[in-house]
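Q: Residue numbers (the working numbering), protein chains in the order written: chain A, 1 to 361; chain B, 362 to 641; chain C, 642 to 936.
All C-beta atoms in this analysis are idealised placements derived from N, C-alpha and C, irrespective of residue type, glycine included.
After the structure tokens below, expect a handful of questions from me.
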Amino acid sequence: MMGNKKRDLILSLIFAAVITAVLVFIDKRLHYSMLASVIQKASIYALLAVSLNLLNGFTGLFSLGQAGFMMLGAYTYAILTIPLDQHASVYQYFNGGVVNVCLPAFVGVTAAGIVAVIFAWLVGKPCLKLKSDYLAIATLGFAEILRALIQWEVLGPVTNASNILMKFPKFDSILTPVIVCAFCIFLIVLLINSSYGRAFKAIREDEVAAEAMGINLAKTKMQAFLTSAFFAGVGGALLAMFQASVQARSFTSAMTYEILLIVVIGGIGSVTGSIIGSFLYIASSEWWLRFLDDSQTYLGVNIPFMRGGFRMVVFSVVIMLIVLFYRQGIMGTREFSWQGIIDFFKKPFAKRERKAVKDNG
Amino acid sequence: MAENVLHIENVTMQFGGVVAVNNLNLDVNQGEIVALIGPNGAGKTTVFNCVTGVYEPTNGKIDFLGETIVENFPRGKMKKLYAGENMGMYNEAVSHTPDLITYKGIARTFQNIRLFSKLSVFENVLIAKHMRARQNFFSAALHLNRAEEKRMREEALALLEEQGLDKYRDDVAGSLPYGLQRRLEIARALATEPKLLLLDEPAAGMNPQETLELAAFIGEIRDKYNLSVFLVEHHMDLVMNISDRIYVLDFGKLIAHGVPAEIQSNEKVIEAYLGVSEDE
Amino acid sequence: MHTATYYIDLLLSGITVGSLYALIAIGYTMVYGILRLINFAHGDIFMMAGFFMVYASASMPMAVALPLVLVMTVVLGVLIERAAYKPLRSAPRMSVMISAIGVSYLLQNLATYITGGLARPYPEIAVLKKTLAVGTLSVKVITIVTPLLTVLLVVALVLFINHTKTGMAMRAVSKDFDTARLMGIKVNNVISVTFVIGSFLAGVGSILYFTNYGQVSPMIGAMPGLKAFVAAVFGGIGSIPGAVLGAYIIGICESMIKANDTIAIFSNAFTFALLILVLLFKPNGMFGEKLTEKV
Chain A
1 MMGNKKRDLI LSLIFAAVIT AVLVFIDKRL HYSMLASVIQ KASIYALLAV
51 SLNLLNGFTG LFSLGQAGFM MLGAYTYAIL TIPLDQHASV YQYFNGGVVN
101 VCLPAFVGVT AAGIVAVIFA WLVGKPCLKL KSDYLAIATL GFAEILRALI
151 QWEVLGPVTN ASNILMKFPK FDSILTPVIV CAFCIFLIVL LINSSYGRAF
201 KAIREDEVAA EAMGINLAKT KMQAFLTSAF FAGVGGALLA MFQASVQARS
251 FTSAMTYEIL LIVVIGGIGS VTGSIIGSFL YIASSEWWLR FLDDSQTYLG
301 VNIPFMRGGF RMVVFSVVIM LIVLFYRQGI MGTREFSWQG IIDFFKKPFA
351 KRERKAVKDN G
Chain B
362 MAENVLHIEN VTMQFGGVVA VNNLNLDVNQ GEIVALIGPN GAGKTTVFNC
412 VTGVYEPTNG KIDFLGETIV ENFPRGKMKK LYAGENMGMY NEAVSHTPDL
462 ITYKGIARTF QNIRLFSKLS VFENVLIAKH MRARQNFFSA ALHLNRAEEK
512 RMREEALALL EEQGLDKYRD DVAGSLPYGL QRRLEIARAL ATEPKLLLLD
562 EPAAGMNPQE TLELAAFIGE IRDKYNLSVF LVEHHMDLVM NISDRIYVLD
612 FGKLIAHGVP AEIQSNEKVI EAYLGVSEDE
Chain C
642 MHTATYYIDL LLSGITVGSL YALIAIGYTM VYGILRLINF AHGDIFMMAG
692 FFMVYASASM PMAVALPLVL VMTVVLGVLI ERAAYKPLRS APRMSVMISA
742 IGVSYLLQNL ATYITGGLAR PYPEIAVLKK TLAVGTLSVK VITIVTPLLT
792 VLLVVALVLF INHTKTGMAM RAVSKDFDTA RLMGIKVNNV ISVTFVIGSF
842 LAGVGSILYF TNYGQVSPMI GAMPGLKAFV AAVFGGIGSI PGAVLGAYII
892 GICESMIKAN DTIAIFSNAF TFALLILVLL FKPNGMFGEK LTEKV
């Protein structure tokens, strides 16, 4: 047992070192490549997916408010970190706006999480007692209300209404988002493996029994909801840094659906799954499957159906296939472990398959 | 006279126009095993649900260790609809959520087993330890509560060993055979460190051998944990075997109360209970 | 100061929009009543019906196109049920809801792909576009036809549900799925009928809505869909008269809010605020049935 622990630690350190080296290389040599861009966006989406999974997968609360909390995070970060001398140009329709502070980036990111938590508390207080699908539609509704509020002309001096916010600090290295997201996901994993994480799972399994075991439903659900909102806010701030601009128009429910589908692809209830899912999803949609949108000519034959939008059709068909026939997603509820990897390579093929069948049944 | 643990006073539970429990008075004293029996649909589980805070009774009062944990009187729509007795006797409303009642020291099992069936046997018991852990959200989430976490794990494991469930600790709870699932549910209830244990048909679906073992086991845990036990049951052998006192409920109304020997010879009970079931 | 005509105009447009929400809301409320599923794709069925019309009317006369569009919409609705919901009958509710979101995503992407993502002008149906003059008011035929047709369809539907054998089966299935099956009701057929009715009404709603609005675009179904859902919740999910009443209230409030420039941006948000208020104070809606879990 102890030997395994030591081995796992060493393997993890080696793995982290290799990844860091590769990232440093990409950062130095390929800073503006598609690869670098995918790595950054996928890391952020991984954090967003894990934070949604904490609610949907681990606590059994079907929330669709993710985009709303991301938007709050993105706006908080943007508003607090735009350099003072840029205010006049960014807030050109509102006389330079009324916010006269410019905080360091990391303070802005933390504030993004905190603001999301404050609003999550306001949303959660009435909504968390609702049953599954009503909760989904109520959180979706709250996200829409927040979006309308931010775009309201009256709040323009703060939010710039429906105009774009920009010129705030961006990432100076692709390592920044990767490290911040990895650290946040690590915190979420610690939570899931703690006594509170077990209480979350108890609620997911059976609310009545969980309550009979002394778990306060309202309080515990709120803890999960606030934690999820915090990291959604942080993720939103990071997304703002990555995109270099923020506009309320883009934080629609479609964005929440996108993250939800990543969670489904990876496996509802698996952190590893969400991470793998988001890298696959982002890499495919931004990069690997781009060719589907352009007309292609193979062996002198032009393929007529490949044109703008085809990629998304292929994508949604794949997602439907996963939802219908492969409901476990990539990882089911399993998690990554070195032992799992080693077993995978050690055991003969036939045996492994039998085990897989057993795991599913 | 032993100390009173549970005192149910004039409790009536009415759903719409249906009176499920009618003016029930019942006591459980320290160290006793008290059974509540009655034909199907007599309102036994409803009594449990009132005590554990799942339902709010329509009228009446429930004390636990001298503290009123539940009290209610017909309000709102019920004012007109109320068909029970002792209207106007109570005028305060006290209620607690089920988790708080568990915290005060009443643990329960369910008639149709409600384990966390996709989680491991060990996790099932460990979850019940959460309530009394000395930790806060941040210390636990950042794993700064190592000593406390270790204690919870050890105590949970000890409970599993005592039940002979330790060899299944990593199995999925839902995969256990029925009898063991019942035991796991009791182990899980014990993990909340209760003073009063409510067992809802603990022998349901068990064969005679298993029932016998269960009877012995209930006695054992009562002594070991200094518990009082209040159970609802159908198996007459089990009830007559282990109960100190028995209450009999029929159509929500208490028809008899006494030690097992008295109940066995009570004509009303035989009529209501055995008579009816023979006719069917 | 606005004249009375101004307010009557607003009221009329509110009633028109409300009627359309009502037609869509019935689809939501019926499916939820029976499957306990929020059919997120319902708004997109409505959008697809709009595109069917755009393409159908381009190649055939209106008299053929109209019924064909309704048939195609119904087929689409039943197809979705068969392909995306039926296989998940015994799956957790969250999975079915995710499947519904997936279908919605697929339909939107499919429409974007086929149309190139651009809004298409909706064909004009001459009869509906005419204007009638009543005193000082000039009213479009569609403004009068919409609420009349809606009321007519709703009455027919309520009669159908209360007085036919299929209607009785539908009520039985919505009360208790498993028991209904034990009683020999072919649950899958009942569900199909539900989708037929829901899609048909969405098809009719789409013709009226887009004739009024003038164009169809791939993402247009989402908002009316969600609003119709709110209407269904407002009225008490499962209750058809409730859904219709909810739809009219939302339609009229929305048209009033849209008319005021300072708060016009909240015309969508208002619907959701209403939803949250209803869920808080009357979680079963105005006419909904109470559902309790047995312990």
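Let me see if you follow: with CB-CB separation under 9 angstroms, is Val208 (chain A) close to chain B or not?
A: By one-based count along the first sequence, residue 208 (chain A) stands at place 208. Yes - at least one Cβ of chain B is within 9 angstroms of the one on Val208 (chain A).
Q: Whole angstroms is fine: what's the gap from Ile167 (chain A)'s alpha carbon to Tyr32 (chain A)'s?
A: As a working note, residue 167 (chain A) is residue 167 in the first sequence. As a working note, residue 32 (chain A) is residue 32 in the first sequence. Residue identity differs from the one stated: residue 167 (chain A) is Lys in this sequence, not Ile. In a straight line, the C-alpha of Lys167 (chain A) is about 19 angstroms away from that of Tyr32 (chain A).
Q: In terms of residue numbering, what span does the alpha helix (DSSP H) encompassing His683 (chain C) cover?
A: What you label residue 683 (chain C) is simply residue 42 of the third sequence in a count that begins at 1. Segment His683 to Ser700, the alpha helix (DSSP H) holding His683 (chain C).
Q: Could you tell me whether the Cβ of Ser316 (chain A) comes closer than 9 angstroms to any Cβ of chain C?
A: Within the first sequence, residue 316 (chain A) is the residue found at index 316, counting from 1. With 9 angstroms as the cut-off, Ser316 (chain A) counts as an interface residue toward chain C.
Q: With distances taken between CB atoms, is the gap from Asp460 (chain B) to Met213 (chain A) smaller than 9 angstroms?
A: The residue you call residue 460 (chain B) lines up with position 99 of the second sequence. The residue you call residue 213 (chain A) lines up with position 213 of the first sequence. Yes; because the gap between Cβ atoms is below 9 angstroms, this pair is in contact.
Q: What are the residues that DSSP puts in a beta bridge with Thr429 (chain B)?
A: Taking the first residue of the second sequence as 1, we reach residue 429 (chain B) at position 68. Answer is B:Asp424, bridged to Thr429 (chain B).
Q: Interface residues of chain A around Ala501 (chain B) at Cβ under 7 angstroms?
A: If you number the second sequence from 1, residue 501 (chain B) lands on position 140. Going along chain A in sequence order, the residues near Ala501 (chain B) (Cβ under 7 angstroms) are Ser194, Ser195 and Tyr196.
Q: Helix or strand or just coil, what does DSSP make of Tyr608 (chain B)?
A: The count along the second sequence starts at 1 and reaches residue 608 (chain B) at position 247. DSSP places Tyr608 (chain B) in strand when its eight states are reduced to three.
Q: Nearest to Val234 (chain A) by CA position, among A:Lys5, A:Ala138 and A:Val178, is which residue?
A: For the purposes of this step, residue 234 (chain A) is taken as residue 234 along the first sequence, with counting starting at 1. Considering only alpha carbons, the answer is A:Val178.
Q: Sort C:Val672, C:His643, C:Ser660 and C:Tyr648 by Cα distance to Phe818 (chain C) and report the nearest one.
A: Here the question's residue 818 (chain C) lines up with position 177 in the third sequence. That would be C:Val672, whose Cα lies nearest to the Cα of Phe818 (chain C).
Q: Taking the alpha helix (DSSP H) that Arg507 (chain B) belongs to, which residues open and close that run?
A: One-based indexing of the second sequence puts residue 507 (chain B) at position 146. Looking at the DSSP string, the run of the alpha helix (DSSP H) that includes Arg507 (chain B) is Arg507 to Glu523.
Q: So, is the C-beta of Asp532 (chain B) closer than 9 angstroms to a C-beta in chain A?
A: For the purposes of this step, residue 532 (chain B) is identified with residue 171 of the second sequence, where counting begins at 1. For Asp532 (chain B), the answer is no, since every Cβ of chain A falls outside 9 angstroms of its Cβ.
Q: Quick one: list the residues of chain B neighbouring Leu215 (chain A), beta-carbon separation under 8 angstroms, in chain order.
A: What you label residue 215 (chain A) is simply residue 215 of the first sequence in a count that begins at 1. Per the sequence presented here, residue 215 (chain A) reads as Ile, with Leu not at that position. Asp460, Ile488, His491 and Met492, listed in chain order.
Q: On the DSSP bridge list, what partners appear for Gln570 (chain B)?
A: Here residue 570 (chain B) corresponds to residue number 209 of the second sequence, with the count starting at 1. Answer is none; Gln570 (chain B) lacks a bridge partner.
Q: Once you ignore the five residues that flank Asp640 (chain B) on each side, which residues in its own chain have a CB closer than 8 angstroms to its CB?
A: Working through the second sequence from its first residue, we reach residue 640 (chain B) at position 279. Below a pLDDT of 50, predicted positions are generally treated as unreliable, and Asp640 (chain B), at 41, falls in that range; the measurement from the model is reported next regardless. Same-chain partners within the cutoff: there are none.
Q: CA-CA distance, Phe230 (chain A) and Ala120 (chain A)?
A: As a working note, residue 230 (chain A) is residue 230 in the first sequence. As a working note, residue 120 (chain A) is residue 120 in the first sequence. In a straight line, the C-alpha of Phe230 (chain A) is about 9 angstroms away from that of Ala120 (chain A).
Q: Considering only C-alpha positions, which residue in the set C:Ile890, C:Pro865 and C:Thr903 is nearest to Phe875 (chain C)?
A: Indexing the third sequence from 1 puts residue 875 (chain C) at position 234. If we check each option's Cα against that of Phe875 (chain C), C:Ile890 comes out closest.
Q: Have a look at the DSSP bridge pairing and note the partners of Met166 (chain A).
A: Taking the first residue of the first sequence as 1, we reach residue 166 (chain A) at position 166. DSSP, once it has assigned bridges, lists A:Ser245 as partnering Met166 (chain A).
Q: So, helix, strand or coil for Thr333 (chain A), using DSSP?
A: Locating residue 333 (chain A) in the first sequence gives position 333, counting from the first residue. Of the three classes helix, strand and coil, the one that applies to Thr333 (chain A) here is coil, per DSSP.
Q: Against Lys405 (chain B), what residues of chain A qualify as contacts under a CB-to-CB distance less than 8 angstroms, listed in chain order?
A: Working through the second sequence from its first residue, we reach residue 405 (chain B) at position 44. None at all; the shortest Cβ gap to chain A is about 17 angstroms.
Q: Just checking: is the beta-carbon of Ala199 (chain A) within a distance shorter than 9 angstroms of some beta-carbon in chain B?
A: In the first sequence, residue 199 (chain A) corresponds to position 199, counting from 1. With 9 angstroms as the cut-off, Ala199 (chain A) counts as an interface residue toward chain B.
Q: Applying the 10 Å Cβ sphere with the 16-neighbour rule, what's the burial state of Arg7 (chain A)?
A: In the first sequence, residue 7 (chain A) corresponds to position 7, counting from 1. Label assigned to Arg7 (chain A): exposed.
Q: State the CB to CB distance for the pair Leu503 (chain B) and Leu190 (chain A), rounded to an integer number of angstroms; the pair is presumed to be in contact (CB under 8 angstroms).
A: For the purposes of this step, residue 503 (chain B) is taken as residue 142 along the second sequence, with counting starting at 1. For the purposes of this step, residue 190 (chain A) is taken as residue 190 along the first sequence, with counting starting at 1. With a Cβ gap of about 6 angstroms, Leu503 (chain B) and Leu190 (chain A) count as contacting.
Q: So for Gln496 (chain B), helix, strand or coil by DSSP?
A: In the second sequence, the residue the question calls residue 496 (chain B) occupies position 135. Coil at Gln496 (chain B), not helix or strand.
Q: Taking all protein chains shown into account, do 16 or more other C-beta atoms lie within 10 angstroms of the C-beta of Tyr648 (chain C), making it buried, or fewer, making it exposed?
A: As a first step, residue 648 (chain C) must be located in the third sequence, where it is residue number 7. Tyr648 (chain C) should be labelled exposed.
Q: Return the residue from the list B:Gly378, B:Gly377, B:Gln391 and B:Ala396 that minimises the CA-CA distance to Leu615 (chain B).
A: Taking the second sequence and counting its residues from 1, one reaches residue 615 (chain B) at position 254. Nearest of B:Gly378, B:Gly377, B:Gln391 and B:Ala396 to Leu615 (chain B), Cα basis: B:Ala396.
Q: At a Cβ threshold of 9 angstroms, is Ala120 (chain A) touching chain B?
A: The count along the first sequence starts at 1 and reaches residue 120 (chain A) at position 120. Not an interface residue.
Q: Starting from the Cα of Ala501 (chain B), find the closest Cα among A:Asn193, A:Ile322 and A:Ile145 and give me that residue.
A: Position 140 of the second sequence, counted from the start, is the residue given in the question as residue 501 (chain B). Among A:Asn193, A:Ile322 and A:Ile145, the Cα nearest to that of Ala501 (chain B) belongs to A:Asn193.
Q: Can you pull the DSSP bridge partners for Ser228 (chain A)?
A: By 1-based counting over the first sequence, the position of residue 228 (chain A) is 228. Ser228 (chain A) pairs with nothing; no bridge assigned.
Q: Near Ala283 (chain A), which residues of its chain fall below 8 angstroms by C-beta distance, leaving aside the five closest residues on each side in sequence?
A: Position 283 of the first sequence holds residue 283 (chain A). These residues qualify, in order along the chain: Val38 and Ala42.
Q: Just checking, does the segment 369–388 of chain B make contact with the segment 445–464 of chain B on the three C-beta pairs under 8 angstroms criterion?
A: Yes, since at least three Cβ pairs between the segment 369–388 of chain B and the segment 445–464 of chain B fall closer than 8 angstroms, the two stretches touch.
Q: Give a yes or no on whether 9 angstroms exceeds the smallest Cβ distance from Gln247 (chain A) to chain B.
A: Numbered from 1 along the first sequence, position 247 holds the residue referred to as residue 247 (chain A). Cβ-Cβ to chain B under 9 angstroms: no for Gln247 (chain A).
Q: Is Asn901 (chain C) near the ligand ADP, judged by its Cβ being under 8 angstroms from some heavy atom?
A: Ligands are entirely absent from the displayed structure, and the ligand ADP is therefore not among its contents.
Q: Threshold first: 4 residues or longer. Then list the alpha helix (DSSP H) segments lying entirely within the segment 74–149 of chain A, N to C.
A: Listed in chain order, the complete alpha helix (DSSP H) runs (minimum 4 residues) inside the segment 74–149 of chain A are 87–90 and 105–127.
Q: By alpha-carbon positions, which one of A:Val263, A:Phe69, A:Gly65 and A:Gln247 ends up nearest to Tyr134 (chain A)?
A: Stepping through the first sequence from its first residue, residue 134 (chain A) is reached at position 134. Nearest of A:Val263, A:Phe69, A:Gly65 and A:Gln247 to Tyr134 (chain A), Cα basis: A:Gly65.
Q: At least one CB of chain B closer than 9 angstroms to the CB of Leu187 (chain A): is that the case?
A: Numbered from its first residue, the first sequence carries residue 187 (chain A) at position 187. Yes, its Cβ sits closer than 9 angstroms to a Cβ of chain B.
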